[in-house]
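**Q** First the structure, which I've put down as structure tokens, then a few questions once you've had a look.
There are 2 protein chains.
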Amino acid sequence: MLIEIDFNSDEAIYVQLQHQIIMGIATEVLHEGDTLPSVRQLADTVGINMHTVNKAYSILKQQGFIQLDRRKGAVIAIDINKIHAHEELKRELRIALAKGCCKNISREEVHELVDELFDEYTFG
Amino acid sequence: MLIEIDFNSDEAIYVQLQHQIIMGIATEVLHEGDTLPSVRQLADTVGINMHTVNKAYSILKQQGFIQLDRRKGAVIAIDINKIHAHEELKRELRIALAKGCCKNISREEVHELVDELFDEYTFG
DNA sequence: TCTTTTGTTATATATAGGTTAGCACACATA
DNA sequence: TATGTGTGCTAACCTATATATAACAAAAGA
Chain U
0 MLIEIDFNSD
10 EAIYVQLQHQ
20 IIMGIATEVL
30 HEGDTLPSVR
40 QLADTVGINM
50 HTVNKAYSIL
60 KQQGFIQLDR
70 RKGAVIAIDI
80 NKIHAHEELK
90 RELRIALAKG
100 CCKNISREEV
110 HELVDELFDE
120 YTFG
Chain E
0 MLIEIDFNSD
10 EAIYVQLQHQ
20 IIMGIATEVL
30 HEGDTLPSVR
40 QLADTVGINM
50 HTVNKAYSIL
60 KQQGFIQLDR
70 RKGAVIAIDI
80 NKIHAHEELK
90 RELRIALAKG
100 CCKNISREEV
110 HELVDELFDE
120 YTFG
């Protein structure tokens with residue numbers, strides 16, 4: 000899987016890594032059991048420090064998207080804690096939708112947007 | 000409008016201020032034309048520095064939620080740039096929904112969540 | 001066995017962001 | 001005139017981010 004970092008972005012590098020890997024899983028470019036490059040390999044190919052990759056991997060592990068194995072490296076392994084995920088999504092949506100609501104974005108427009116985004120993901 | 004800051008939160012104080020004011024507008028606690036406390040007043044009542052409040056106000060002004068007037072203070076004045084707001088919402092939703100999608104949260108569940116959140120806002 | 005690679009941990013350094021403080025200015029209001 | 005306003009500036013402090021370098025134990029392969 001191709002990973003690209005925008006060094007001019009205001010998003011931290013380790014956050015960009017997280018997002019791209021999560022998008023890879025959602026769009027089924029990455030499947031359960033697939034392996035990601037080792038922290039050193041990915042750091043080399045992308046041109047960043049090992050610890051930055053390690054930080055991204057550690058958070059993805061803690062969030063239940065991958066498992067880290069000294070033998071196999073980083074393996075996609077989704078641990079589904081639906082209650083927690085639902086609460087987190089609600090928390091993230093609350094302020095985003097409020098902002099849109101202030102800007103006169105209607106409930107229907109948001110529903111269309113959700114459908115449009117879900118169509119980007121191959122499962123769901 | 001009552002503003003409360005969680006000093007133990009990992010969210011920056013000026014971000015908490017932004018969010019609470021935006022939520023105030025969305026829930027119609029704050030209306031167009033209402034005035035917010037001056038940077039010094041709000042800083043005093045909340046117990047934070049003037050510049051922290053000023054940073055929150057400046058960003059809210061730049062995002063088109065308030066206008067700053069030396070005479071009247073900070074006034075709720077929503078500048079609706081719907082195209083920009085739509086793009087921003089889409090950008091914010093993309094990663095949040097992808098994360099939920101990986102956790103087996105269905106399209107229907109997201110629609111329900113959107114309705115649930117929109118019901119919190121009195122207009123929309 | 002020996003070597004290499006793995007994730008992990010530790011320390012040090014440099015840069016950027018967040019928060020506070022104090023000061024100053026131009027303007028508005030009373 | 002006196003006070004409060006937004007705004008700008010500098011300085012200090014702490015944390016977060018990213019880098020560099022080094023070392024470790026566990027596992028893999030030769």
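Listed in order, the protein sequences are those of chains U and E.
Residue numbers for the first sequence follow numbering that gives the first Met the number 0, beginning at 0 and rising by one.
Residue numbers for the second sequence follow numbering that gives the first Met the number 0, beginning at 0 and rising by one.
Virtual Cβ for every residue (Gly too), placed ideally from N, Cα, C.
Just so you know, these numbers come straight off a predicted model, no measurement behind them.
Taking the runs of the alpha helix (DSSP H) that are 4 residues or longer, which of them lie wholly in the segment 59-105 of chain E?
**A** 81-101
**Q** Please name the residue, chosen from E:Lys102, E:Ala97, E:His110, that lies closest to His18 (chain U) on a Cα-to-Cα basis.
**A** Position 19 of the first sequence, counting from 1, holds the residue named residue 18 (chain U). Per the Cα distances, E:Ala97.
**Q** Using DSSP bridges, identify the partner residues of Leu35 (chain E).
**A** On the second sequence, residue 35 (chain E) is found 36 positions in, with the first residue counted as 1. Note: Leu35 (chain E) sits in a beta bridge opposite E:Ala73.
**Q** Check whether the segment 74-84 of chain E and the segment 17-33 of chain E are in contact - that is, three or more C-beta pairs closer than 8 angstroms.
**A** yes
**Q** Give me, in chain order, the residues of the same chain whose beta-carbon lies closer than 7 angstroms to that of Val38 (chain E); leave out the 5 immediate sequence neighbours on both sides.
**A** Position 39 of the second sequence, counted from the first residue, corresponds to residue 38 (chain E). The answer, listed in chain order, is Met49, Val52, Asn53, Tyr56.
**Q** According to DSSP, is Glu107 (chain U) helix, strand or coil?
**A** Position 108 of the first sequence, counted from the start, is the residue given in the question as residue 107 (chain U). The answer is helix: DSSP assigns Glu107 (chain U) an H, G or I state.
**Q** Can you list, in chain order, the residues of the segment 21-32 of chain U whose Cβ is nearer than 7 angstroms to any Cβ on chain E?
**A** Within the segment 21-32 of chain U, those residues whose Cβ lies closer than 7 angstroms to any Cβ of chain E are, in chain order, Ile21, Met22, Ile24, Ala25.
**Q** Is the beta carbon of His110 (chain U) sitting closer than 8 angstroms to the one on Ile104 (chain E)?
**A** In the first sequence, counting from the first residue as 1, residue 110 (chain U) sits at position 111. In the second sequence, counting from the first residue as 1, residue 104 (chain E) sits at position 105. Note that the C-beta distance between His110 (chain U) and Ile104 (chain E) is not below 8 angstroms.
**Q** Determine whether the Cβ of Tyr13 (chain U) lies closer than 8 angstroms to any Cβ atom of chain E.
**A** In the first sequence, residue 13 (chain U) corresponds to position 14, counting from 1. It does not: the Cβ of Tyr13 (chain U) has no partner Cβ on chain E nearer than 8 angstroms.
**Q** So with CB distances below 7 angstroms, who are the chain E contacts of His85 (chain U)?
**A** The sequence position of residue 85 (chain U) within the first sequence is 86, counting from 1. Going along chain E in sequence order, the residues near His85 (chain U) (Cβ under 7 angstroms) are Ile104.
**Q** Please report whether the beta-carbon of Ile2 (chain E) lies at a distance below 8 angstroms from any beta-carbon of chain U.
**A** The residue you call residue 2 (chain E) lines up with position 3 of the second sequence. No, Ile2 (chain E) does not count as interfacial toward chain U.
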